[in-house]
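Quick note, the sequences are listed as chains A, B, C and D, same order.
Counting with numbering that gives the first Met the number 0, you get residues 0 to 398 for the letters of the first sequence.
Counting with numbering that gives the first Met the number 0, you get residues 0 to 398 for the letters of the second sequence.
Counting with numbering that gives the first Met the number 0, you get residues 0 to 377 for the letters of the third sequence.
Counting with numbering that gives the first Met the number 0, you get residues 0 to 377 for the letters of the fourth sequence.
Notes follow once the structure below has been shown.
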Amino acid sequence: MTDTIAAEKAEALVTGKIDELLSGYDPSMDPQEFWGRQYDLGLAWVQYPEGFGGLGVSPKYQSIVQRRIEAAGAPTWNRQINLLGIGMGAGVISAHGTAEQMRKWLRPMFTTEDMWCQLFSEPGAGSDLANLSAKAVRDGDEWIVNGQKVWTTLAHIAKWGMLPVRTDPDVPKHKGITYFIVDMEADGVDVRPLYQITGEAEFNEVFFDDVRIPDEYRLDDVGAGWRVSMTTLMNERVAIGSRSLPRGSGSIKDAIRAWREYEHDDPALRDELTRLWAEWEALRLTVERANQMRKAGIPGPEGSTGKLAWADLNKAITAFSVELMGWDGTLYPGGYELHRPTEFEDSGSPQRNFLRARANSIEGGTSEIMRNILGERVLGLPGEPRVDKDLPWKEVPRG
Amino acid sequence: MTDTIAAEKAEALVTGKIDELLSGYDPSMDPQEFWGRQYDLGLAWVQYPEGFGGLGVSPKYQSIVQRRIEAAGAPTWNRQINLLGIGMGAGVISAHGTAEQMRKWLRPMFTTEDMWCQLFSEPGAGSDLANLSAKAVRDGDEWIVNGQKVWTTLAHIAKWGMLPVRTDPDVPKHKGITYFIVDMEADGVDVRPLYQITGEAEFNEVFFDDVRIPDEYRLDDVGAGWRVSMTTLMNERVAIGSRSLPRGSGSIKDAIRAWREYEHDDPALRDELTRLWAEWEALRLTVERANQMRKAGIPGPEGSTGKLAWADLNKAITAFSVELMGWDGTLYPGGYELHRPTEFEDSGSPQRNFLRARANSIEGGTSEIMRNILGERVLGLPGEPRVDKDLPWKEVPRG
Amino acid sequence: MADTPRVTFALTEEQEMLRQTTRQFLEDRVSPTVVRELMETETGFDAALWQSGAELGWHSLAIPEEYGGAGYTFAELSVVLEEMGRALFPGPFLSTVVMAANAIVLGGRDSQKKELLPGIAMGESMMTMALFEGPQGATTDDIRMTAAQDGEAWILDGVKKNVLFGHVAGTIVTAARTPNGLSLFLVPADTGGLNAEHVPTLDATRKQANLTFSGVRLGPEALLGNEGTAGPVIDRVLRLASVALSLEQVGGAQWCLETSVEHGQTRFQFGRAIGSFQAIKHRLADMLVSVEHAKSTAYHAARIVDDTDELLVAAPLAKSVCSEAYLRAASDTIQILGGTGFTWEHDTHLYLKRAKSTSLMFGGVRHQRRLLAEALGL
Amino acid sequence: MADTPRVTFALTEEQEMLRQTTRQFLEDRVSPTVVRELMETETGFDAALWQSGAELGWHSLAIPEEYGGAGYTFAELSVVLEEMGRALFPGPFLSTVVMAANAIVLGGRDSQKKELLPGIAMGESMMTMALFEGPQGATTDDIRMTAAQDGEAWILDGVKKNVLFGHVAGTIVTAARTPNGLSLFLVPADTGGLNAEHVPTLDATRKQANLTFSGVRLGPEALLGNEGTAGPVIDRVLRLASVALSLEQVGGAQWCLETSVEHGQTRFQFGRAIGSFQAIKHRLADMLVSVEHAKSTAYHAARIVDDTDELLVAAPLAKSVCSEAYLRAASDTIQILGGTGFTWEHDTHLYLKRAKSTSLMFGGVRHQRRLLAEALGL
């Protein structure tokens with residue numbers, strides 16, 4: 000009974016704020032201004048406390064906010080623009096940051112005034128994220144950072160970076176990491192494009208040369224950085240695995256377009272196309288089922304399989320699309336041009352998509368790591384014997 | 000020059016013996032008698048010493064023996080009848096046995112008077128062969144054996160069994176094993192059929208209850224059993240992986256027969272049939288290439304891939320043959336009858352072959368173990384960290 | 000293509016309860032020992048068990064209330080079918096409750112429905128459909144048998160093959176071509192000239208018979224509904240049967256996954272639980288993905304059966320995806336269990352045989368994909 | 000089917016020496032840096048390198064002695080092709096030495112052979128064949144361009160697409176339909192009305208052009224051999240090109256295998272060399288199997304090219320098996336190398352692009368299997 004009343008009250012509160020937001024909306028308004036108002040009204044993340052972009056109510060009401068704003072034709076694409084901030088950074092800061100930190104970073108993140116990037120990967124670490132070598136040494140109220148990060152999306156336009164570094168090499172690898180927020184415009188930060196096999200540089204290498212970070216930019220305790228990083232990664236993988244799409248969209252659409260454009264009618268090719276369509280639809284239905292179950296509060300294994308299945312399937316479908324093109328698939332219209340896009344490029348020619356998809360089973364957790372996670376966390380299988388678990392980080396073999 | 004002369008001499012020796020053997024051959028002769036003469040003339044295994052079925056010459060001359068005997072229409076199928084003896088046992092006895100032991104066991108093995116079986120697998124050990132639990136305790140000039148073996152082909156008609164058992168549980172598992180030859184008719188040996196998913200019992204469970212084995216039936220030293228077992232297994236895997244077949248024979252023949260019999264013409268099915276044909280032919284050519292290279296003395300990786308590739312492919316092809324049968328594939332003509340064949344049943348209905356093939360990737364080394372072997376011994380990749388390597392056997396976790 | 004219909008995947012409280020009671024009943028009453036005992040018989044069912052299932056309401060679930068049913072939907076029936084697949088339930092449930100009952104509901108005259116459906120709902124009737132005459136039978140085009148007219152009577156001659164529980168069913172719904180097209184006939188098992196011969200099956204838990212019709216003479220009342228109208232009825236029944244098999248396959252595949260996982264957790268080799276080896280762990284992760292995908296397609300199909308257009312997509316989608324998932328799960332389970340999984344004694348082979356034979360029934364995976372491609376206009 | 004011809008797989012001493020000198024030369028002269036430099040150019044070859052190859056005898060290997068060649072067989076050429084595939088050799092070798100040279104050997108008049116083959120053997124000529132007009136071009140049936148007769152002259156109009164190094168070749172051997180059937184024409188690159196336009200390629204190490212023929216007027220001497228006899232010549236050249244690509248694929252796949260294995264041995268994660276993880280180790284074991292199978296089919300095909308019947312089986316067999324093996328090896332190498340393998344800087348992507356584009360040339364794997372099925376009578 001009390002629950003119902005509380006729920007009615009919460010919904011009324013949210014609805015009232017939405018009315019207020021939308022009543023002041025005007026199509027000529029600068030989107031950043033709109034998002035600022037949305038934040039100030041507590042409609043950025045309704046579950047956050049008041050004063051931090053929220054109203055302190057259940058997160059389920061966020062979907063009402065979203066729906067109403069979309070229906071009103073007001074801007075909703077700040078999440079796309081600042082994916083690493085809004086999609087990952089906000090959750091980490093709210094879970095591990097102080098009130099002061101939340102106040103400093105959340106609003107300009109939500110309005111997209113400040114772009115964010117994530118500085119996890121290192122050339123020497125790969126899937127073994129906890130094996131990172133970039134280090135910070137304390138110097139009074141500051142930390143001095145040295146080292147290299149890699150595969151950093153949008154680093155060249157980001158204002159802030161999420162940066163786990165090693166602060167104690169004498170303890171086991173998971174225990175000697177501390178998590179900072181770094182000002183990407185600080186002295187000693189050098190961002191260089193990292194060209195990939197498509198010729199694009201979606202990613203960057205970031206070099207830190209005696210970069211100073213004030214201690215107040217540290218998130219959570221010294222040595223707590225691995226736990227903070229895990230919060231970040233979980234957000235990322237769920238995000239990749241739970242994109243809900245309409246039937247026949249995504250890469251299978253390209254394949255069907257190629258099938259029609261090239262006027263194929265070979266039944267062996269049709270069988271393969273249909274097999275891929277069926278697998279893709281099964282994935283889509285699984286994501287849909289997982290999202291429904293998650294919302295209903297009864298999440299099951301179906302919520303964890305999306306990333307792995309999507310990666311393998313997207314690779315197969317994009318490869319098949321090029322196969323359907325015959326000789327045309329041996330071309331690369333426009334040629335390879337080394338360039339640095341400023342937004343996510345979602346798609347291009349089938350050949351480009353084929354190449355780009357090769358990374359799907361690497362980025363955001365390799366398929367090998369995903370299978371370990373499914374096997375161990377979902378199915379409850381035992382882990383492998385670990386040779387690096389209890390050794391001080393500096394004594395673990397690496398190469 | 001000397002080599003050439005020695006070779007000419009050896010060849011003349013072998014040829015002379017063959018002439019002698021065949022000049023005395025008569026189609027009405029009992030095959031066992033013929034094989035006895037072949038043995039006594041040193042033509043059983045030409046590379047073995049004189050007096051033990053050989054002539055002490057290079058093993059390459061054995062192929063001349065084989066060819067000539069075949070051409071004369073004389074019996075050559077003793078190897079098939081007594082595969083585990085002639086194919087595996089002889090090599091082990093000649094490598095690890097005493098002259099006395101060779102004298103006792105080789106001749107009746109070659110003539111098929113004494114059938115042999117191999118008692119390696121145990122229910123608790125699986126792929127971890129060295130983890131065996133059947134034990135032997137010394138009692139004066141005898142050993143007393145207790146324990147259970149499983150997956151023993153032809154145990155119910157064998158006279159002798161190759162039996163590695165644990166004689167010291169206090170040392171690491173590979174070091175506490177001793178290898179015996181056991182009289183399968185001895186008191187306390189109980190052979191029971193092990194029915195498999197086809198209803199046949201090609202295999203047996205063998206129980207040892209205070210079985211006494213004289214110490215003179217021990218092969219090689221106490222504690223040397225693992226090394227002796229490895230000799231046996233290598234012989235087995237090379238044998239499985241190097242069967243040279245004519246094009247289009249084996250399981251693909253059944254698939255093509257089903258394709259024709261059911262008058263299929265669906266191009267998607269044809270593509271799959273052709274894909275399987277191509278894979279099978281690639282395997283066949285690889286076996287042929289490996290055999291040629293082995294004969295030429297320049298063996299390469301192609302000689303090690305046969306068992307793994309064959310297992311997976313035979314499974315796929317037999318499954319596809321049943322698919323081609325449609326509703327007929329849902330039948331099992333004659334039904335399942337639990338029975339105990341006395342020879343290897345090479346094939347039956349496509350449905351039976353489909354079921355039987357499921358074991359291909361388990362028997363004679365699982366595909367997982369074969370991939371480890373290819374990865375580590377052929378490609379030179381490092382082994383996994385081992386938790387059981389240095390522990391006394393009795394302290395290794397098992398279940 | 001039109002917008003995809005959205006379905007609700009979560010079970011209602013009532014459905015969840017049905018799932019629990021069904022599983023409990025099957026665990027209590029249909030142990031592997033019972034399955035194996037029935038497998039050894041020629042009839043392959045147990046009358047008491049059959050009656051108990053009906054008393055639990057399984058048979059009546061999807062039969063309209065006006066004909067003695069409970070008036071639920073295929074979604075409820077699907078819960079039972081999945082659990083039956085998990086338990087390898089033996090008996091003519093598919094042929095009676097999914098196939099014959101729906102043929103009567105869809106094609107029968109009201110009088111026929113009144114006469115026949117209550118008996119099915121109460122568990123008094125065992126039925127089947129005799130459709131195909133050759134090994135590739137999968138669509139109405141494959142039906143060739145003709146029924147000749149003799150005054151008011153119909154004369155049937157021919158052989159129907161692979162009839163599920165055809166030697167056990169009391170009434171056979173068979174298909175034949177008549178002057179006006181494809182028609183269905185209700186044939187009591189004791190009709191003169193009808194002979195049923197049991198044929199041994201790969202999956203011995205689901206029996207089959209070949210039925211020989213030698214001048215079988217039937218009165219006009221034997222015609223199900225109107226002459227020449229059976230095509231769409233059979234089409235739909237075949238799709239419902241495909242969806243039903245998909246649900247069974249999901250239940251069986253889930254058993255395989257659980258059995259393999261448990262083995263991976265408890266079987267030790269080289270001093271470690273074998274599930275700690277990536278070779279096993281990753282295979283199981285892939286099996287999980289494929290079983291979850293199979294579930295999504297089967298659950299989706301079970302919830303849209305009344306949307307005729309969407310069923311054209313959803314049924315072959317489910318049958319092709321679930322067949323492949325089950326085959327792979329069963330085959331991989333044998334591999335993970337090693338020698339044990341290859342023994343007659345262990346239950347895995349029963350699942351493998353079920354997987355293989357259900358994948359072939361009513362058209363194999365490539366046939367299903369052909370249907371799917373047609374529905375998608377590819 | 001007749002008995003399968005047996006081939007000898009082991010290299011002769013001479014062939015082994017050729018392999019060693021070829022590899023050494025390519026390692027010295029065709030480093031990845033060189034490949035990348037040429038990749039950035041529009042012509043994609045290096046004249047000095049081309050000449051050096053000819054001096055090593057590569058170009059003359061399979062050309063008959065009477066026409067200035069060395070008179071060896073395809074088996075010797077195959078050794079060079081495999082090494083070229085390993086090194087991603089850039090330049091019109093396939094189009095000149097495998098395709099155009101063989102078209103002339105097989106289809107040319109003696110005078111044409113005498114005129115043209117010595118130049119190829121000595122490395123003076125770069126040639127190509129312009130066969131197909133559309134993306135699915137794979138057999139002679141796909142050739143539609145016609146040549147009109149004008150007195151003694153032939154007039155060619157149309158567009159030939161995907162011509163390998165078509166903007167670089169000095170002479171183009173093109174195919175057109177004439178009143179008496181399919182014919183081949185020798186067209187000097189500077190012929191009036193012929194225009195070559197470079198088109199950027201997925202695999203930038205192998206250039207292509209589209210050739211536009213606008214009223215190209217050729218004298219009777221341009222006809223290769225006799226009018227209307229080109230069908231079997233083109234068929235055979237296509238098969239030889241398929242076998243040549245198979246050998247290249249084997250060389251590239253072997254590079255991928257070695258690169259992955261080395262990475263597995265030297266890259267450490269979680270305190271272990273990653274090749275000690277079964278996920279990597281087993282993938283590499285499977286790669287080994289598939290590369291060894293590919294080798295067997297390519298080596299076999301290279302040794303039986305003169306057996307016309309067997310080539311009908313062996314060429315599509317090799318092309319389908321080697322294409323799949325190379326694609327898989329290259330794709331898996333990226334996976335095993337992780338992020339590194341996805342960078343422009345690492346060489347793996349050059350192999351991936353080669354794998355993908357060679358798999359498509361002259362018909363993809365399903366086309367190859369269709370050819371194979373035909374040859375086998377399936």
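Glycine is no exception: its CB is placed at the ideal position from the N, C-alpha and C atoms.
If you draw a straight line from the Cα of P48 (chain A) to the Cα of A73 (chain A), it comes to about 24 Å.
With a cut-off of 8 Å on Cβ pairs, the stretch 160-174 of chain B is in contact with the stretch 111-125 of chain B, counting three or more such pairs.
Counted as a single uninterrupted DSSP element, the stretch harbouring P300 (chain B) is not any alpha helix (DSSP H), since DSSP gives it neither H nor E. Within the stretch 245-278 of chain D, the residues whose Cβ lies closer than 8 Å to some Cβ of chain C are F276, Q277 and A278, listed in chain order. Annotation for A313 (chain C): the continuous alpha helix (DSSP H) segment containing it runs T307 to L336. Flagged as an interface residue toward chain A: P134 (chain D), by a C-beta distance shorter than 8 Å. At a cut-off of 8 Å between beta-carbon atoms, R365 (chain D) makes contact with chain A. Counting only the Cα atoms, T204 (chain D) lies some 11 Å from P31 (chain D).
Within the same chain, Cβ atoms closer than 6 Å to the Cβ of D346 (chain D) are found at P31, the five residues on either side in sequence being excluded.
Across the stretch 192-208 of chain A, CB contacts with chain D closer than 8 Å involve L193, Y194, Q195, I196 and G198, in sequence order along the chain. Within chain B, T329 have C-beta atoms less than 7 Å from the C-beta of S356 (chain C), given in sequence order.
For Q46 (chain A), no alpha helix (DSSP H) segment is defined, and its DSSP state is neither H nor E. Residues of the same chain with a CB within less than 6 Å of the CB of D253 (chain B), apart from the 5 flanking positions on each side, are S320 and P349 in chain order. Residue burial is scored here from C-beta neighbours: H338 (chain A) has fewer than 16 other C-beta atoms within 10 angstroms and is therefore classed as exposed.
In the DSSP assignment, N352 (chain A) falls within the unbroken alpha helix (DSSP H) covering P349 to A356. Closest in alpha carbon position to E19 (chain A), among A:R376, A:L42, A:E278 and A:P298, is A:L42. Going by DSSP, E39 (chain C) is part of the alpha helix (DSSP H) stretching over P31 to E39. The C-beta of G146 (chain A) comes no closer than 8 Å to any C-beta of chain D. With a cut-off of 8 Å on Cβ pairs, the stretch 112-132 of chain D is not in contact with the stretch 263-275 of chain D, counting fewer than three such pairs. In this structure, A:K134 is the residue among A:K134, A:I92, A:A185 and A:Q61 with its C-alpha nearest to the C-alpha of G175 (chain A). Contact between the stretch 253-265 of chain D and the stretch 375-388 of chain B is present: three or more C-beta pairs spanning the two stretches fall below 8 Å.
A check of alpha carbon separations from R369 (chain C) across A:E141, A:N77, A:G53 and A:L275 identifies A:L275 as the nearest.
With the rule of 3 Cβ pairs closer than 8 Å, the stretch 128-146 of chain D counts as touching the stretch 174-194 of chain D. For the set C:W153, C:R302, C:Q111 and C:R85, the Cα lying nearest the Cα of T258 (chain C) is the one of C:R85.
Contact between E301 (chain B) and S243 (chain B) does not hold, since their C-beta atoms are separated by about 13 Å, which reaches or exceeds 8 Å. Per DSSP, reduced to three states, the secondary structure at D25 (chain A) is coil, with no helix or strand assignment.
Excluding its 5 nearest sequence neighbours in each direction, K280 (chain C) has C-beta neighbours in its own chain below 8 Å: G263 and G274, listed in chain order. F92 (chain D) and H58 (chain D) have their C-alpha atoms some 8 Å from each other.
Between R106 (chain B) and Y38 (chain B), the beta carbon gap of about 5 Å places them in contact (Cβ cut-off 8 Å). Cβ neighbours of F131 (chain C) within its own chain (closer than 8 Å, five residues either side excluded): A137, D141, I142, K159, K160 and N161. Per DSSP, I255 (chain B) is one residue of the alpha helix (DSSP H) stretching across S250 to E260. Listed in chain order, the non-local C-beta contacts of V136 (chain A) below 6 Å within the same chain comprise I143, local neighbours out to five positions each way being set aside. As computed with DSSP, C116 (chain B) is found in a beta bridge with B:G160.
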